[in-house]
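Residue numbering for the sequence shown follows the numbering used here, beginning at 48 and increasing consecutively.
Cβ coordinates follow ideal geometry from the N, Cα and C atoms, glycine included.
Note that the structure is a prediction, hence the values are computed from the model and not measured.
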Amino acid sequence: EAIIPENLSAEATDFIRKLLVKDPKRRLGSGKSDASELKSHPFLRTINWSRLVRKQIQAPFPPVAENERDTRNFSSEFTKLDVAENPCSPPKNADRLFRGYSYVSPKLLTKNVTDRNKFIPIHNMRPQEHYIRQTASKQSPFFRKYTLTSDSPIGVGSYSTCFKCQRLRSGSTFAVKILFNHPQTVGFAKHEADALRQLQGHSNVVQFVELIEDKNYIYLVLELLDGGELLQRINRQPVQQTESRIRGYFAQLVDAVAFIHRQGYAHRDLKPENVIFERASNDRLRLIDFGFAQPLDNSTGEARMPAGTLGYTAPEVISNMDGSNTSYSLETTDLWSLGVILYTMLCGQAPFTPRQFFGHDNLASTSKQMEIITDKIRRGSFDLSSSIWMGVSEGAKNLVRALLTVNPEQRITMQELQNHDWLLCDVAKRRGQQSSLAAYSRGLPSQAKVPFDKLRTNVRNTYDAFKLAEENGFR
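Here's what the structure looks like:
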């Protein structure tokens, strides 16, 4: 969301925001009346459009120019530059820029090629609902076994759209993640499926059902989880949450990550959005989204390729984005992310998201977010002394500090985490000392009490910043 100066009028601010709506269908001027929507907006109400078309309205501030070489109206930052043509460096994706542009005989395209998508590089594309439903066919091995329900999509990703589906024979309901059948996205889906096959058998890991492929799409079928996101439950029901209940949630998450590590994998994208409750009626949670999961297939369990979501990524991963190409421990980065999740569960906001990103309509630009969040993560800069934390026990704070230690060699280990006093403490004995989040909520500052949709948007802004960083690198 763009930064809008405070001195602009309400009409101008509203006009700009409606033009910058991300969804093109909701953007001002996208309706049936087309440009008339813009012309009828209060910001433009004083303009006489008929006179404007006839060029009968004088320009409000015509620029003064003595001759065609008069550059006084241009910024001196540019006019003082030397007149030189500097060759630019080729883009990082230069090898893919012209892929798919080679000549192919029309006869081959119409007769022998079964999947035209594979001629086209895919760039942040996901299948749209109406196309998926239009192309549903009994010729597809997926639609011979399943049918999509009439519900709207239950989730979207950069390359996938997730639906509810029913097995035709049993009527059982599942979730299905649908991606284009393109070499790049097929690789993503098969990578996640391979990881999930190795990680089955734990009650806190999403259950993998099967992977199906047809000429248009690839279908990753998983168990259906409809209990909502972890952060969603805590944010919408703060009075019902206690530190002991949060400990119960976190203990399940720790147990799941420990299991993943024992099976020889690291998740690499732990965040509240990837923790879903099994049902709204119970407290059993599942860890989902193994698209970034990586095997610990060497003796040190180290990696060089950064992955994850910026606000939840360890300092050593971010430092590697600057081209240093140093290895880092996959397991310790998961522990760092667990610390960020615990912090978020206890106070309702991520530790490295600046305060001005919460409860404020004008979010900083993506690049500014990236710069601030990256710097705060590298320095391990987070707050445990504000009024939000007054009702939280010292044991919980100590565990947050141990997990968010910047130096990975000094960070708490998984075994130490599982044996930590706060995680194992007897809830019954300490029930009188537990801080109800009803009490903690009374001391919660206004910027932390934000609607879930806005809080989730702020979290996703860090995700967008990370995606940009993947392409351009942190600078």
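Asked                                                                                                                                                                                                   : Found
Identify, in the order they occur along the chain, each residue of the same chain with its Cβ nearer than 6 angstroms to the Cβ of residue 65, setting aside the five sequence neighbours on each side. : 75
Here's the rule I'm using: 16 or more other beta-carbon atoms within 10 Å means buried, otherwise exposed. How should residue 409 be labelled?                                                          : Bear in mind that the predicted position of residue 409 carries a pLDDT of just 44, short of 50, making it unreliable; the figure below should be weighed with that in mind. With fewer than 16 other Cβ atoms within 10 Å, it is exposed.
Which of the three DSSP states, helix, strand or coil, is assigned to residue 450?                                                                                                                      : helix
Please confirm whether residue 334 and residue 313 have their CB atoms less than 8 angstroms apart.                                                                                                     : no
List the whole-angstrom C-beta distance separating residue 207 from residue 179, where the pair is believed to meet the contact cut-off of C-beta under 8 angstroms.                                    : 11 angstroms between Cβ atoms; not a contact.
Look up residue 211 in the DSSP assignment and say whether it is helix, strand or coil.                                                                                                                 : strand
How long is the line joining the alpha carbons of residue 442 and residue 469, rounded to whole angstroms?                                                                                              : 5 angstroms
State the DSSP-derived secondary structure class of residue 307, mapped to helix, strand or coil.                                                                                                       : helix
Got a sec? Which residues, its chain only, sit under 7 angstroms from residue 78 by beta carbon, not counting five neighbours each side?                                                                : 84
Run through the DSSP bridge pairs and tell me what residue 312 is partnered with.                                                                                                                       : 342
So what's residue 111 in DSSP terms, helix, strand or just coil?                                                                                                                                        : coil
Where do the N-terminal and C-terminal ends of the alpha helix (DSSP H) with residue 239 fall, by residue?                                                                                              : 230-245
Taking 8 angstroms as the threshold (C-beta atoms), are residue 447 and residue 389 in contact?                                                                                                         : yes
According to DSSP, is residue 184 helix, strand or coil?                                                                                                                                                : coil
Please state if the CB of residue 459 and the CB of residue 450 are separated by a distance shorter than 8 angstroms.                                                                                   : yes
Nearest to residue 430 by alpha carbon, out of 401, 342, 236 and 103?                                                                                                                                   : 401
Applying the 10 Å Cβ sphere with the 16-neighbour rule, what's the burial state of residue 247?                                                                                                         : exposed
Between the stretch 178-193 and the stretch 258-274, can you find at least three pairs of beta-carbon atoms closer than 8 angstroms?                                                                    : yes
Flag this pair as yes or no: are the beta carbons of residue 323 and residue 392 separated by less than 8 angstroms?                                                                                    : no
Looking only at its own chain, which residues have a Cβ that is under 7 angstroms from the Cβ of residue 126, when we skip the five neighbours before and after it?                                     : 118
On the three-state DSSP scale, how would you describe residue 68?                                                                                                                                       : coil
Which two residues bound the contiguous alpha helix (DSSP H) that contains residue 126?                                                                                                                 : 123-126
If you drop the 5 nearest sequence neighbours on each side, which residues of the same chain put their C-beta closer than 6 angstroms to that of residue 266?                                           : 189, 223, 225 and 259
From residue 193 to residue 433, what does the alpha carbon distance come to, in whole angstroms?                                                                                                       : 51 angstroms
What span of residues does the beta strand (DSSP E) with residue 91 cover, start to end?                                                                                                                : Counting along the chain, residue 91 falls outside any beta strand (DSSP E), and DSSP gives it neither H nor E.
Residue 341 and residue 309 - do their beta-carbons sit closer together than 8 angstroms?                                                                                                               : no
Could you give the first and the last residue of the continuous alpha helix (DSSP H) run that contains residue 390?                                                                                     : 377-394
List the endpoints of the continuous alpha helix (DSSP H) containing residue 280.                                                                                                                       : 277-283
Just tell me which of 236, 380 and 436 has its CA closest to the CA of residue 396.                                                                                                                     : 436
By a C-beta neighbour count over all protein chains shown, 10 Å radius and 16 as the cutoff for buried, is residue 229 buried or exposed?                                                               : buried
What does a CB cutoff of less than 8 angstroms around residue 492 pick up in its chain, not counting 5 residues either side in sequence?                                                                : Because residue 492 sits at a pLDDT of 36, beneath the cut-off of 50, its placement in the model cannot be relied upon, and the following sentence gives the value as read from the coordinates. Contacts found: 433, 434 and 435.
For chain D, find out if any of its Cβ atoms is closer than 8 angstroms to the Cβ of residue 173; answer yes or no.                                                                                     : Here chain D cannot be found, since the structure has a single protein chain.
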